[in-house]
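Notes follow the structure.
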Amino acid sequence: MPYRSVNPSTGEVLASYADHSDDDIQSMLTVAHNLYKSAWSHGPIQARISILERLARLIADRADALALILVNEMGKRMVEARWEVDMTAAIARYYADHAAQFLASHPLKTDRGEAWIEYHPIGVIVAVEPWNFPYYQLVRIAAPNLAIGNPVLAKHASIVPQAAIAFEELLTAAGAPRGAWTNMFATAKQIGSLIEDERVQGVTLTGSEKAGSSVAAQAGKNIKKSVLELGGADVFIVLDDADLDRAIELGAQARLNVAGQACNAAKRFIVHQNIAETFLSRFKDRFAAVKVGNPLDLAIDMGPLSSLAARDEIANQVKRAVTAGATLHFGGNLVDLPGAFYQPTILTDISRDNPAYFEEFFGPVAQVYVVADDDGAVDLANDSHFGLSASVFTADVDRAKRLAARIETGSVWVNNRSSTAPELPFGGVKKSGYGRELGEFGLREFVNPKMIVVEQA
Ligand code: NAP
Numbered sequence: 123m124p125y126r127s128v129n130p131s132t133g134e135v136l137a138s139y140a141d142h143s144d145d146d147i148q149s150m151l152t153v154a155h156n157l158y159k160s161a162w163s164h165g166p167i168q169a170r171i172s173i174l175e176r177l178a179r180l181i182a183d184r185a186d187a188l189a190l191i192l193v194n195e196m197g198k199r200m201v202e203a204r205w206e207v208d209m210t211a212a213i214a215r216y217y218a219d220h221a222a223q224f225l226a227s228h229p230l231k232t233d234r235g236e237a238w239i240e241y242h243p244i245g246v247i248v249a250v251e252p253w254n255f256p257y258y259q260l261v262r263i264a265a266p267n268l269a270i271g272n273p274v275l276a277k278h279a280s281i282v283p284q285a286a287i288a289f290e291e292l293l294t295a296a297g298a299p300r301g302a303w304t305n306m307f308a309t310a311k312q313i314g315s316l317i318e319d320e321r322v323q324g325v326t327l328t329g330s331e332k333a334g335s336s337v338a339a340q341a342g343k344n345i346k347k348s349v350l351e352l353g354g355a356d357v358f359i360v361l362d363d364a365d366l367d368r369a370i371e372l373g374a375q376a377r378l379n380v381a382g383q384a385c386n387a388a389k390r391f392i393v394h395q396n397i398a399e400t401f402l403s404r405f406k407d408r409f410a411a412v413k414v415g416n417p418l419d420l421a422i423d424m425g426p427l428s429s430l431a432a433r434d435e436i437a438n439q440v441k442r443a444v445t446a447g448a449t450l451h452f453g454g455n456l457v458d459l460p461g462a463f464y465q466p467t468i469l470t471d472i473s474r475d476n477p478a479y480f481e482e483f484f485g486p487v488a489q490v491y492v493v494a495d496d497d498g499a500v501d502l503a504n505d506s507h508f509g510l511s512a513s514v515f516t517a518d519v520d521r522a523k524r525l526a527a528r529i530e531t532g533s534v535w536v537n538n539r540s541s542t543a544p545e546l547p548f549g550g551v552k553k554s555g556y557g558r559e560l561g562e563f564g565l566r567e568f569v570n571p572k573m574i575v576v577e578q579a
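Numbering (my numbering), first residue to last: 123 to 579.
Laid out in structure tokens, this is it:
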């Protein structure tokens with residue numbers, strides 16, 4: 123697919139870029155590998171940390187312009203775009219502040235002599251990233267790998283080339299040497315060739331199951347470390363003693379933020395039967411009040427999906443769900459505007475044999491299920507191919523902790539919607555992938571924890 127920036131609110135083509143040639147990609151790899159072999163990668167961490175400090179400052183300085191790219195290129199509302207830009211700067215700052223401590227050598231207790239672990243870079247890493255959080259997804263890879271000394275070759279999604287270029291420019295302006303972070307307009311085939319190359323030591327992909335499985339298979343075949351951050355069908359559990367005002371407000375935000383296109387968006391609402399009727403009626407009112415429209419209009423609550431293709435896919439998924447017996451409780455229509463707009467939508471009565479039961483809905487469509495008790499909530503939560511994150515709403519924190527321990531996901535948020543922070547590890551289990559980004563865990567994925575032992579004389 124060519125790299126093309128199209129405004130999803132208007133259909134206007136903003137920019138397009140030719141794919142890099144095989145020779146271009148080979149040159150990028152050579153530069154990155156030479157950097158890995160240099161003192162920059164293996165020398166004192168402070169030189170690399172300084173780049174992250176400058177990166178954080180530059181992102182803050184350019185915040186408005188960076189945010190506008192996201193509004194135009196993928197239809198984020200300005201408030202959503204600004205949140206992402208601020209979070210991107212916060213992640214750069216977090217690793218600038220903490221990476222030296224995380225990567226410090228430490229002694230090991232053994233009777234075999236003086237022993238310790240020291241952390242080393244492993245080589246060039248290939249990153250394949252999605253369009254839904256165009257800067258945040260990149261900095262989750264860039265910041266820890268810069269601190270470690272691993273050069274990164276990054277392939278961004280083909281619909282966000284302007285964000286990809288802006289991010290590369292930020293790193294250059296922050297003083298990153300050539301090869302530390304390289305944006306590639308690469309094809310899937312070129313990614314495959316890179317994974318085969320012995321100079322590449324790891325690959326990380328955030329995106330769909332299909333892309334993840336393909337890239338991980340190539341990594342496995344070539345014995346390369348991989349990290350996968352894939353989809354989710356996250357549950358939002360509302361128990362009978364929950365603060366309903368809070369659960370409804372945060373539930374709507376959790377489903378409709380960025381027009382429902384977050385991997386960790388709440389997608390399956392599991393509601394206790396005692397409060398189900400009230401919840402559903404008020405949840406519908408909340409969805410009905412959402413103003414959908416051009417994200418440049420500050421009065422709107424939800425922008426378009428990222429492309430017309432994404433909108434049509436979600437519309438078809440809803441149709442298939444209803445044909446298979448689900449009830450369309452609210453919404454289910456395209457919005458009468460030229461762009462990729464879709465109504466906030468609620469589906470109920472989804473039986474286990476409905477294809478919707480196991481699918482990820484990557485748009486503003488909430489599924490609501492009713493359960494009789496806590497066991498029912500856990501069983502339904504875990505009856506999923508995915509396991510990214512979950513939320514539990516209840517006034518009884520001990521009850522929430524018992525549920526949290528039994529839910530098969532990479533994280534559980536009690537009385538809040540699933541979110542992110544630089545210090546909190548992010549990732550999933552099952553088909554949501556493996557490995558973690560962010561926090562100290564995120565720094566440990568592509569590093570050689572080298573053990574050295576010195577025999578006592
Ligand atoms: P996608 O189609 O898998 O695209 C993601 C990236 O993979 C893009 O750069 C895409 O390039 C590339 N790609 C696709 N097939 C490939 C292949 N065979 N080899 C190499 N690269 C390939 O995903 P999407 O539909 O755009 O993104 C949404 C998905 O990402 C959802 O499932 C969402 O839940 C998931 N996601 C997960 C997380 C997380 O942290 N767990 C975060 C955000 C999104 P092109 O654009 O050129 O096709």
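Even for Gly, the Cβ is constructed at its ideal location relative to N, Cα and C.
Burial state of residue i (16 or more Cβ within 10 Å)
i, result
"Thr328", "buried"
"Ser429", "buried"
"Ser533", "buried"
"His164", "exposed"
"Thr531", "buried"
"Gln465", "buried"
"Val325", "buried"
Bridge partners - residue i, DSSP secondary structure assignment
i, result
"Phe463", "For Phe463, which the question treats as bridged, DSSP gives no partner whatsoever."
"Val487", "Thr467"
"Arg126", "Ser138"
"Pro229", "Trp238"
"Ser348", "Val325"
"Thr304", "Leu275"
"Asn570", "His242"
"Asp356", "Ala388"
"Leu456", "Tyr464"
Beta-carbon proximity of residue i to residue j, cut-off 8 Å
i, j, result
"Phe313", "Val250", "Residue 313 is actually Ile in this sequence, not Phe. A contact, by the Cβ cut-off of 8 Å."
"Ser554", "Gly425", "no"
"Phe358", "Ala388", "yes"
"Ala265", "Ile191", "no"
"Phe508", "Gly557", "no"
"Ala203", "Ala221", "no"
"Leu366", "Arg404", "yes"
"Leu565", "Cys385", "no"
"Ile171", "Ala269", "yes"
"Val337", "Ser330", "no"
"Pro460", "Thr132", "yes"
"Pro252", "Asn272", "no"
"Val487", "Thr516", "no"
Any non-hydrogen atom of the ligand NAP closer than 7 Å to residue i Cβ
i, result
"Glu195", "no"
"Gly353", "yes"
"Ser280", "yes"
"Pro266", "no"
"Ala310", "yes"
"Glu175", "no"
"Ser336", "yes"
"Ser163", "no"
"Glu482", "yes"
"Val128", "no"
"Val250", "yes"
"Gly461", "no"
"Phe548", "yes"
"Leu510", "yes"
Residues near residue i by beta carbon distance below 7 Å, same chain, minus five either side
i, result
"Gly235", "Val575, Val576, Glu577 and Gln578"
"Asn194", "Asn129 and Leu136"
"His394", "Val360, Leu361, Asp362 and Val493"
"Trp238", "Ser227, His228, Pro229, Leu230 and Ile574"
"Gln375", "Arg539"
Contact set for residue i: own chain, Cβ-Cβ below 8 Å, skip 5 residues either direction
i, result
"Val322", "Leu151, Gly245, Val246, Ile247, Val248, Leu275, Leu316 and Lys346"
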